[in-house]
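For reference, the structure is listed below as structure tokens.
Chains as they are written, first to last, in my numbering: chain B, 1 to 112; chain A, 1001 to 1118.
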């Protein structure tokens, strides 16, 4: 995998559903994996920076796991709420600067 | 919100014109990165400034240039605007404490400037 890829592109769930989506990234020369949540008309909000293989991080109902050997990370949302509606972006830093290479995002819509 | 501000919020220009976008970084941050997000894509890295010097550049032509000031605020300048420059421009600030840590430094984003080129 040469680029950062995310799937699915969009997701529509009902309130209370749990959901998850995937970020795939180059596994060679791995440094870190960043997750962001981006609500419409707001700034992207940093969720997690993950560095260690097997790492799991949690923030409220949102958690993320990391597999650096196979090059993927999962983001889980437990009991989705309408306020979770946003685009979720993952990014991998490359190069000597902390240049972030982003995926195209997963757009999540949670309805009542 | 992150404390990173950008101005203006929206801007409309015509082809061939020049534009300057501004970014005020979060207090205490010494690094600013600029990204372009075109429709349907993830943000694309333009360049990064660390302590007033360019510290990496993405695949953008030289007509994209920048500055970082002593207070660590930053400008993005685009000359000879083209229709394809229409996009959301995001800046992000971070605190780099050393070379090795930069890849794990959290970047805090502003809300962006929406540029439309007609």
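In this text, a Cβ means the ideal position worked out from N, Cα and C, and glycines have one as well. Since this is a predicted model, take the numbers as computed values, not measurements.
Simplified DSSP assignment, three categories, for residue i
i	result
residue 83 (chain B)	helix
residue 1106 (chain A)	coil
residue 75 (chain B)	strand
residue 1083 (chain A)	helix
residue 1097 (chain A)	coil
residue 1006 (chain A)	strand
residue 22 (chain B)	strand
residue 1053 (chain A)	strand
residue 1041 (chain A)	coil
residue 1064 (chain A)	strand
residue 1026 (chain A)	coil
residue 9 (chain B)	coil
residue 45 (chain B)	strand
residue 111 (chain B)	strand
residue 56 (chain B)	strand
One or two residues paired with residue i in a DSSP bridge
i	result
residue 1033 (chain A)	A:1048 and A:1092
residue 116 (chain B)	Absent from the structure is residue 116 (chain B), since the part of chain B shown begins at 1 and ends at 112.
residue 67 (chain B)	B:72
residue 1077 (chain A)	A:1020 and A:1065
residue 33 (chain B)	B:50
residue 1116 (chain A)	A:1012
Chain B within 9 Å of residue i, Cβ atoms only
i	result
residue 1104 (chain A)	yes
residue 1035 (chain A)	yes
residue 1087 (chain A)	no
residue 1152 (chain A)	Since the first residue of chain A shown is 1001 and the last is 1118, residue 1152 (chain A) is not available in this structure.
residue 1113 (chain A)	no
residue 1072 (chain A)	no
residue 1066 (chain A)	no
residue 1031 (chain A)	yes
Through-space distance from residue j to residue i, alpha-carbon basis
i	j	result
residue 1040 (chain A)	residue 105 (chain B)	9 Å
residue 14 (chain B)	residue 61 (chain B)	15 Å
residue 1076 (chain A)	residue 41 (chain B)	21 Å
residue 65 (chain B)	residue 84 (chain B)	19 Å
residue 110 (chain B)	residue 12 (chain B)	6 Å
residue 71 (chain B)	residue 1042 (chain A)	19 Å
residue 1066 (chain A)	residue 112 (chain B)	45 Å
residue 1037 (chain A)	residue 74 (chain B)	23 Å
residue 1018 (chain A)	residue 1024 (chain A)	20 Å
residue 33 (chain B)	residue 93 (chain B)	7 Å
Within chain D, the residues that residue i reaches when beta carbons sit closer than 8 Å
i	result
residue 1041 (chain A)	Among the protein chains in the structure shown, which are B and A, there is no chain D.
Min CB distance residue i to chain A below 9 Å
i	result
residue 64 (chain B)	no
residue 42 (chain B)	yes
residue 93 (chain B)	yes
residue 57 (chain B)	no
residue 68 (chain B)	no
Heavy atom of the ligand COA within 8 Å of residue i beta-carbon
i	result
residue 1024 (chain A)	In the structure shown, the ligand COA is absent, as is every other ligand, since no ligand is present at all.
Practice task
Could you tell me whether the stretch 1109-1117 of chain A touches the stretch 1084-1095 of chain A, using the rule of 3 or more Cβ pairs below 8 Å?
Solution key: yes
Handout entry: Stretch pair the stretch 12-25 of chain B + the stretch 79-93 of chain B: three plus CB contacts closer than 8 Å
Key = yes
Exercise for the section: Decide yes or no for the touch test of the stretch 1032-1049 of chain A against the stretch 50-59 of chain B: beta carbon pairs closer than 8 Å, at least 3 of them. Expected result: no
Handout entry: Contact between the stretch 1101-1108 of chain A and the stretch 1065-1074 of chain A (3+ Cβ pairs under 8 Å)
Key = no
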